[in-house]
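Below is one structure, written out as structure tokens; comments come after it.
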Amino acid sequence: MATPERPENGSIYQIKVTLEGSDPPIWRTVQLPGDTTLEELHYVIQIVMDWENYHMRQFIADDRSYGLDEDFMPDPESERIATLKGVAPKPKDRLLYEYDFGDSWEHDVLVENILPSERGV
200 MATPERPENG SIYQIKVTLE GSDPPIWRTV QLPGDTTLEE LHYVIQIVMD WENYHMRQFI
260 ADDRSYGLDE DFMPDPESER IATLKGVAPK PKDRLLYEYD FGDSWEHDVL VENILPSERG
320 V
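Okay, so the sequence shown: first residue is 200 according to our numbering, each after it adds one.
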């Protein structure tokens, strides 16, 4: 998957992804451009959490579902269009990432901080 060009003046989102119910806690912190789509975020989570992208998924933010499969999800909004800055515009905002509807692996996605982008980074 090609990485889209990013504007020089965009914000950088520092997010913490935590697998719910794990003991000890399993979490990862990543930094992504604010205009990262939820579809792109899905692929990032797959990599950092060592999932294999075999199962369906959805994001839930403010009682809205974002996904790809309309057959299994009632009225999902497209994760190809929705962005981090659109669904979680400020620090401390959260969304839920559910992976594998059979086993229901739920991940808390927390916006820890929003940073200014740095030129050339």
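Beta carbons: idealized from backbone N, C-alpha and C, even for Gly.
In this text, all values refer to a predicted model and were calculated from it rather than measured experimentally.
On a Cα-Cα basis, can you pick out the residue from the options that is closest to residue i?
{"i": "Phe300", "options": "Ala260, Ser277, Glu317 and Arg256", "result": "Arg256"}
{"i": "Glu311", "options": "Glu276, Asp302, Phe258 and Arg227", "result": "Arg227"}
{"i": "Gly220", "options": "Gly319, Ser303, Leu294 and Ile313", "result": "Ser303"}
{"i": "Glu276", "options": "Thr282, Lys284, Gly266 and Tyr296", "result": "Gly266"}
{"i": "Pro315", "options": "Leu309, Tyr242, Lys289 and Ile280", "result": "Lys289"}
{"i": "Asp234", "options": "Tyr296, Glu251, Thr282 and Asn252", "result": "Thr282"}
{"i": "Leu231", "options": "Ile214, Asp292, Pro223 and Glu238", "result": "Ile214"}
Applying the 10 Å Cβ sphere with the 16-neighbour rule, what's the burial state of residue i?
{"i": "Tyr298", "result": "buried"}
{"i": "Glu317", "result": "exposed"}
With a CB to CB cut of under 7 Å and the five nearest residues on each side skipped, what residues in its chain are close to residue i?
{"i": "Arg263", "result": "Glu276"}
My assumption, with CB atoms under 8 Å, is that residue i sits in contact with residue j. Please give the rounded CB distance.
{"i": "Val286", "j": "Val247", "result": "Not confirmed; about 19 Å, so no contact."}
{"i": "Thr236", "j": "Arg293", "result": "Rounded, the Cβ-Cβ distance is 18 Å, inconsistent with contact."}
Tell me which residues share the same chain as residue i and place their Cβ nearer than 6 Å to its Cβ, disregarding the 5 neighbours each side in the sequence.
{"i": "Asn252", "result": "Gln245"}
{"i": "Arg205", "result": "With a pLDDT of 48 at Arg205, under the threshold of 50, the modelled position of this residue cannot be trusted; read the value that follows with caution. Counting only Cβ-Cβ distances below 6 Å, and skipping sequence neighbours, we find Pro232."}
Runs of beta strand (DSSP E) wholly within the region 289-314 (minimum 3 residues, chain order):
Within the region 289-314, the complete beta strand (DSSP E) runs of at least 3 residues are 293-298.
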